[in-house]
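J.:
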Amino acid sequence: MARSTLQALINGTRQLLSVQLVIAVIAIALAAWTLSVTTALLRERDRLQERVIQLEQAMSEGGVVVPEAPALVEAPPPTASAYPGEIGELAESASLVAPDAEEERRGVGAVIGSLFAPAPEMRLLVLHVRGQNDAAAAQPIAEELEQNSNVRVVVDVLAPRDQRQSGYAYFDGRQSRVAATLVTQFHDVARRNQLAPWSSQLRGVALPAEGEYTADRLDLVLPPLPEPAPAALPPG
Numbered sequence: 052m053a054r055s056t057l058q059a060l061i062n063g064t065r066q067l068l069s070v071q072l073v074i075a076v077i078a079i080a081l082a083a084w085t086l087s088v089t090t091a092l093l094r095e096r097d098r099l100q101e102r103v104i105q106l107e108q109a110m111s112e113g114g115v116v117v118p119e120a121p122a123l124v125e126a127p128p129p130t131a132s133a134y135p136g137e138i139g140e141l142a143e144s145a146s147l148v149a150p151d152a153e154e155e156r157r158g159v160g161a162v163i164g165s166l167f168a169p170a171p172e173m174r175l176l177v178l179h180v181r182g183q184n185d186a187a188a189a190q191p192i193a194e195e196l197e198q199n200s201n202v203r204v205v206v207d208v209l210a211p212r213d214q215r216q217s218g219y220a221y222f223d224g225r226q227s228r229v230a231a232t233l234v235t236q237f238h239d240v241a242r243r244n245q246l247a248p249w250s251s252q253l254r255g256v257a258l259p260a261e262g263e264y265t266a267d268r269l270d271l272v273l274p275p276l277p278e279p280a281p282a283a284l285p286p287g
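Just so you know, we're using our numbering here: the sequence shown kicks off at 52 and counts up by one.
1) Assign SER146 to one of two classes, buried (16 or more other C-beta atoms within 10 Å of its C-beta) or exposed (fewer than that).
2) Express the C-alpha separation of ALA193 and ARG243 in angstroms, rounding to a whole number.
3) Rounded to the nearest angstrom, what separates LEU68 and THR89 at their Cα positions?
4) For VAL148, count neighbouring C-beta atoms within 10 Å of its own C-beta (all shown protein chains included) and say buried if the count is 16 or more, exposed if not.
5) Closer than 8 Å by C-beta to GLU153: which residues in its own chain qualify, once you throw out the five before and the five after it? Chain order, please.
6) Give the secondary structure of ALA266 by DSSP, where H, G and I count as helix, E and B as strand, and everything else as coil.
7) For my contact list, VAL272 and ARG215 are in at a C-beta cut-off of 8 Å; report their separation, rounded to the angstrom.
8) Please say whether TYR264 and PHE293 have beta carbons closer to each other than 8 Å?
9) Report the option in ARG228, SER251, VAL204 and GLY139 whose CA atom is closest to the CA atom of ASP239.
10) Per the DSSP calculation, GLY63 is bridged to which residue(s)?
11) Roughly how many angstroms separate the alpha carbons of ASP213 and VAL206, rounded to a whole number?
12) Residue range of the beta strand (DSSP E) that ASP223 falls in?
13) If I measure Cβ to Cβ from VAL256 and keep anything under 6 Å in the same chain, skipping five residues before and after, which residues do I get?
14) Determine which residues share a DSSP beta bridge with HIS238 and list them.
15) By DSSP, does VAL70 sit in helix, in strand, or in coil?
16) Output the distance between the C-alpha atoms of PRO274 and PRO248, rounded to the nearest integer angstrom.
17) Using 8 Å as the Cβ pair cut-off and three pairs as the minimum, do the region 168 to 183 and the region 227 to 236 touch?
18) When you compare only the Cα positions, how much space is there between VAL76 and VAL70?
19) Which two residues bound the contiguous beta strand (DSSP E) that contains ASP213?
20) Tell me the rounded alpha-carbon separation between ALA260 and THR232.
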């Protein structure tokens, strides 16, 4: 009994050592293959660098000025003009607050985790119009959207000389689908109200949350409506 148990233990140890040996051989072979590939890539890089040097020398001998390496310029952050118009106190009821840069640096883990979290519920829709006549036309649309979309809708009149491009902006990349749905609903209501300029497609952009521009807000900058036709004079 004791002898059979000892024999089984010896056989099990031999099998374990055999498996470990096979794994070690495979690991050594994989390391050798990786080393050979890395060496080949380094040789290819050195060969290409040598070719570049020879080409530059040949160009210099031929009187051709060798161009400088292109400089990589980082895209500048969005400026204030890229954002829709501010609405000040009207945005105070928004439930979210945009984090400042210091908080983002301290909470890198939280920021990464938020990428996989669901988007916050959209709560505020801002319609930026070009004048008082446009504001009057936008008010019925705002009321209907509030009833059907469960969002608060604010109509904002832009300054007379404001040249912002028409379009819509949201401030959290996860809101792209919700933003597109709300914009489509706006187009449908505008079409029913026979407002052709507001029923055409708008270009959307995602901007970083900043200040009053929170992740639960969507801004539409609308094109101007045509001036109303003058009232016909009664026949004299």
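Every residue gets a Cβ at the ideal spot worked out from N, C-alpha and C, and that includes glycine.
T.: In short:
1) Against the sequence shown, residue 146 aligns to sequence position 95. A caution first: SER146 carries a pLDDT of 48, below 50, which makes its placement in the model unreliable, though a value can still be read off. Around the Cβ of SER146, a 10 Å sphere holds fewer than 16 other Cβ atoms; the residue is exposed.
2) In the sequence shown, the residue the question calls residue 243 occupies position 192. In the sequence shown, the residue the question calls residue 193 occupies position 142. ARG243 and ALA193 have their C-alpha atoms spaced approximately 13 Å apart.
3) The sequence position of residue 68 within the sequence shown is 17, counting from 1. The sequence position of residue 89 within the sequence shown is 38, counting from 1. C-alpha separation (whole angstroms): 31 Å.
4) In the sequence shown, residue 148 corresponds to position 97, counting from 1. Since pLDDT at VAL148 reaches only 47, below the 50 mark, its modelled position is unreliable, and the value read off the structure follows with that caveat. Burial state of VAL148 is exposed, judged by a 10 Å Cβ sphere holding fewer than 16 other Cβ atoms.
5) Residue mapping note: residue 153 aligns to position 102 of the sequence shown, counting from 1. At GLU153, the pLDDT of 49 sits below 50, so the modelled position is not reliable; the number obtained from the coordinates is stated separately. Hits under 8 Å: none found.
6) Sequence index remark: in the sequence shown, residue 266 carries index 215 (1-based). In the structure shown, ALA266 sits in coil (DSSP, three-state: anything other than H, G, I, E or B).
7) Numbered from 1 along the sequence shown, position 221 holds the residue referred to as residue 272. Numbered from 1 along the sequence shown, position 164 holds the residue referred to as residue 215. Indeed, because the Cβ distance is near 5 Å, the residues count as touching under 8 Å.
8) Residue numbering for the chain in the displayed model covers 52 to 287; residue 293 lies beyond these limits and cannot be assessed.
9) In the sequence shown, counting from the first residue as 1, residue 239 sits at position 188. Checking every option, the nearest Cα to that of ASP239 belongs to SER251.
10) As a working note, residue 63 is residue 12 in the sequence shown. In the DSSP output, where bridge partners are listed per residue, GLY63 has none listed.
11) Counting from 1 along the sequence shown, the entry for residue 213 is found at position 162. Counting from 1 along the sequence shown, the entry for residue 206 is found at position 155. The straight-line gap separating the alpha-carbon atoms of ASP213 and VAL206 is approximately 16 Å.
12) For the purposes of this step, residue 223 is taken as residue 172 along the sequence shown, with counting starting at 1. Counting along the chain, ASP223 falls outside any beta strand (DSSP E), and DSSP gives it neither H nor E.
13) Taking the first residue of the sequence shown as position 1, residue 256 is located at position 205. Non-local C-beta neighbours of VAL256 in its own chain, meaning closer than 6 Å and more than five positions away in sequence, comprise ALA220, ordered along the chain.
14) Taking the first residue of the sequence shown as position 1, residue 238 is located at position 187. Answer by DSSP bridge pairing: none, since HIS238 is not bridged.
15) As a position in the sequence shown, residue 70 is number 19, starting the count at 1. VAL70 falls in the helix class under three-state DSSP.
16) Walking along the sequence shown from the start, residue 274 turns up at place 223. Walking along the sequence shown from the start, residue 248 turns up at place 197. A direct Cα-to-Cα measurement between PRO274 and PRO248 gives close to 7 Å.
17) Taking 8 Å as the limit for Cβ pairs, the verdict is that the region 227 to 236 does touch the region 168 to 183.
18) Position 25 of the sequence shown holds residue 76. Position 19 of the sequence shown holds residue 70. For VAL76 and VAL70, the distance between alpha carbons rounds to 10 Å.
19) The count along the sequence shown starts at 1 and reaches residue 213 at position 162. Secondary structure note for ASP213: it is in no beta strand (DSSP E), with a DSSP letter that is neither H nor E.
20) The residue you call residue 260 lines up with position 209 of the sequence shown. The residue you call residue 232 lines up with position 181 of the sequence shown. Between ALA260 and THR232, the C-alpha separation is close to 20 Å.
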